Structure formats: structure tokens, C-alpha cells
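Engineer: Following numbering that gives the first Met the number 0, the numbering of the sequence shown begins with 0 at its first residue and continues without gaps.
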Amino acid sequence: MKMLILGATGFLGSMLFGLALKTQDIFVQGTSRYANENRNIVQVDVTDKLSLEKVIKHLEPEVVIWSLMNGEKEDVLIDKGLINLLTVIKKETKLIFLSTDALFVDGAGNYMESAQIGSLPKETPLHTYVNAKRNAENIIKTRHLNHVILRTGPLYGEDYNRNIEQRTERMLKLLKNGEQPKAASNLYKTFVHVEDLSKAIFEISRNEFTGILHMGPMQKESYYSFYVKRLLQLGFDNHAIRAYLIEEGDNSHLPLDTSLNTQKANHLLKTTFRNV
Numbered sequence: 000m001k002m003l004i005l006g007a008t009g010f011l012g013s014m015l016f017g018l019a020l021k022t023q024d025i026f027v028q029g030t031s032r033y034a035n036e037n038r039n040i041v042q043v044d045v046t047d048k049l050s051l052e053k054v055i056k057h058l059e060p061e062v063v064i065w066s067l068m069n070g071e072k073e074d075v076l077i078d079k080g081l082i083n084l085l086t087v088i089k090k091e092t093k094l095i096f097l098s099t100d101a102l103f104v105d106g107a108g109n110y111m112e113s114a115q116i117g118s119l120p121k122e123t124p125l126h127t128y129v130n131a132k133r134n135a136e137n138i139i140k141t142r143h144l145n146h147v148i149l150r151t152g153p154l155y156g157e158d159y160n161r162n163i164e165q166r167t168e169r170m171l172k173l174l175k176n177g178e179q180p181k182a183a184s185n186l187y188k189t190f191v192h193v194e195d196l197s198k199a200i201f202e203i204s205r206n207e208f209t210g211i212l213h214m215g216p217m218q219k220e221s222y223y224s225f226y227v228k229r230l231l232q233l234g235f236d237n238h239a240i241r242a243y244l245i246e247e248g249d250n251s252h253l254p255l256d257t258s259l260n261t262q263k264a265n266h267l268l269k270t271t272f273r274n275v
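#1: Hey, out of S258, E194 and K93, whose CA is closest to Y222's CA?
#2: So does the stretch 122-139 actually touch the stretch 162-181, counting three or more Cβ pairs closer than 8 Å?
#3: Below 6 Å CB to CB, which residues in the same chain sit around F190 once its five sequence neighbours on both sides are set aside?
#4: Given G17, which residues of its chain have a CB within under 6 Å of its CB, disregarding the five upstream and five downstream residues?
#5: For the beta strand (DSSP E) that contains H252, what are its first and last residues?
#6: Which first and last residues belong to the alpha helix (DSSP H) in which G12 is found?
#7: Distance, Cα to Cα, E61 vs A19?
#8: In the DSSP output, which residue or residues are listed as bridge partners for K219?
#9: Using 8 Å for Cβ pairs, my map puts L244 next to S184. What's the rounded Cβ distance?
#10: If you count every other CB in all the chains shown that lies within 10 Å of the CB of V41, and 16 or more means buried, which is it?
#11: Are the CB atoms of I95 and A131 nearer to each other than 8 Å?
#12: Tell me M2's beta-bridge partners as DSSP assigns them.
#13: Decide if the stretch 192-203 is in contact with the stretch 169-177; the criterion is three or more beta carbon pairs, one per stretch, under 8 Å apart.
#14: Which residues bound the alpha helix (DSSP H) around Q42?
#15: Check the C-beta distance from L149 over to L97 and give it rounded, since I have them as a contact under 8 Å.
#16: Decide if H213 is buried, meaning its Cβ has at least 16 other Cβ atoms within 10 Å, or exposed.
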């Protein structure tokens, strides 16, 4: 199987790329915005159609995994980069697109794949990212039938370079500085281990499924319970973390529960998603 990983040096992308290199029947090529010493990772700007087309024509991938993110410029990444990709890949190519739980803006939690996704007003910090992901899903569904859209909550674990997730890294720095960081005990997510997600993506790349899947374990966690468990896993004292409640009205555009109903993925896939 010939596989192209767009964004092969990020937290998820590096894990996907590293595992693919170890998999006998996968020939993998990755992309990065920057030059990379690995000969299987090429410098590509997806917003530059010629740059992207050159790689696609050379590799002729059977599977393309979109593991790109550009936060405040996510709209440019989608409006130019995704459109370029859909223009240059064959209709037979399987596109696996990483999306987000942040599309669920009303905070009801336990969202199934069929639940209505929303958008955010311009005054909110994540509006560019969330609205671009929403746009991306709609574009893919109408323009490329052979697709899988994977919605996921926050990722954690170690990437292929043994780096842990940034949110926990920031928490550890606060603790090492003698501070007592706070974490919300009523802000719920479906936290997903990066290795489990990577293995599930490989499984999906081989099966016939198309459509939307919510990825991760069945159990949700608050940010507080996540940090308490995660620090314990890493061998650190977790007693200094203080729980606090986000009061209603503190932030009208912060959904308190974007946890995902992952029954469909857990039934369909052999991959097991661990609880935190």
C-alpha cells in the first residue's frame, strides 16, 4: 500500500509515519512545511498546488492522511490546501481527514456521528479553526466520495520522537516552578492516546468503511481528572493540581462537554482505545 501522510512531523503525524515505516506492506511518504533530514519526508506546502501535485504524481498514493493543522490560518489551509489536494488526487484514493470534537458547540456531550455540527462567532478564540474544519468536512463530503472523516478529542501520549503532549508539558513546567495549577472539573472531553489513534487509522486505511467516525475510548474525562491520571502515569506528584468549576456564563462560547459517543468505532474496529 502506498500512503502519503500530510503533516508527518506533528504529534500525530510523526507517530503515523514512524509506525508506517515499521509496517512491511506500507510504502510511506510524509510531508513537512520545512526541510527534513529523513529522505521519506519531503518539503511540501499544500497551499502551493504545483508543490503538492509533484508529490502526488510521483507517489500515486492509495491512501492520503490529512494530519495538518495551522490554528489561526486554518481557513487558508482548507480553502487553498484541501481544495488543491482534492483537485490532484484520483477519485479512487482514500482520503482520511482528521477533524475535531470542537465542532460541537452547544456542549451537550456524548455526540454521535449524526449530531449537528456548529460554528463559532468571530469574537471567539477558536472561530477560525472550528469554522474551517466545518467547511472542510462539507467540502470533502460533496467532492470526494472515498473519504473517512475522523473526529477526535485532545490527543495525549508520546509521539514517535518520545515527546509528550504540550498541554501536559505546560502543566509540568508550572509544577516544577512550585506553582499550583488549576484544571476544570466540569470541562469534559474524550481524550485519545496517539498510538491507539494511529493504529486505528491504519486499520481504517485497509477496510472499506467510508463516512464519519468518532474516535477514542467510551469513557470521558474532565481536564482535572485527565491531569490527575496523566501525571500519575508519568511518575509525578498530582496532589498540587487544584480543581475548579467553570460557572455558567463565565464563557458563553465554551462548550462544557464535547465528549464523543465512540460506540460505532469501537464496534467497527479491532483497535482498542485505552482509557486515560
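Quick reminder that beta carbons are idealized off the backbone N, C-alpha and C, glycines included.
These numbers come from a predicted model, not from an experiment.
Structural biologist: Inspection of the coordinates gives the following:
#1: For the purposes of this step, residue 222 is taken as residue 223 along the sequence shown, with counting starting at 1. Per the C-alpha coordinates, the member of S258, E194 and K93 positioned closest to Y222 is S258.
#2: Because the criterion of three Cβ pairs below 8 Å is not met, the stretch 122-139 and the stretch 162-181 do not touch.
#3: Translated into the one-based positions of the sequence shown, residue 190 becomes position 191. For F190, where only same-chain residues beyond five positions count, the Cβ hits under 6 Å are G152, P153, Y155, E220, F225 and V275.
#4: Mapped onto the sequence shown, residue 17 falls at position 18. Y159.
#5: On the sequence shown, residue 252 is found 253 positions in, with the first residue counted as 1. Element bounds for H252: n/a, residue is neither H nor E.
#6: On the sequence shown, residue 12 is found 13 positions in, with the first residue counted as 1. Residues F10 to K21.
#7: Here residue 61 is taken as the residue at index 62 of the sequence shown, counted from 1. Here residue 19 is taken as the residue at index 20 of the sequence shown, counted from 1. So the alpha carbons of these two residues sit roughly 14 Å apart.
#8: As a working mapping, residue 219 is identified with position 220 in the sequence shown. Partner(s): none; K219 has no beta bridge.
#9: Walking along the sequence shown from the start, residue 244 turns up at place 245. Walking along the sequence shown from the start, residue 184 turns up at place 185. A Cβ-Cβ distance of about 6 Å is found for the pair L244 and S184, placing them in contact under the 8 Å criterion.
#10: The residue given as residue 41 occupies position 42 in the sequence shown. Burial call: buried.
#11: The residue labelled residue 95 in the question sits at position 96 within the sequence shown. The residue labelled residue 131 in the question sits at position 132 within the sequence shown. Contact check for I95 against A131 fails: the beta carbons are separated by 8 Å or more.
#12: Translated into the one-based positions of the sequence shown, residue 2 becomes position 3. Paired residues: V27 and V62.
#13: Cβ pair count under 8 Å is below three, so no.
#14: As a first step, residue 42 is located in the sequence shown; it is residue number 43 there, counting from the start. Unbroken run through Q42 is the beta strand (DSSP E), I40 to Q42; no alpha helix (DSSP H).
#15: Sequence index remark: in the sequence shown, residue 149 carries index 150 (1-based). Sequence index remark: in the sequence shown, residue 97 carries index 98 (1-based). About 6 Å separates the two Cβ atoms, so the contact holds.
#16: Against the sequence shown, residue 213 aligns to sequence position 214. Buried, since its Cβ has 16 or more Cβ neighbours within 10 Å.
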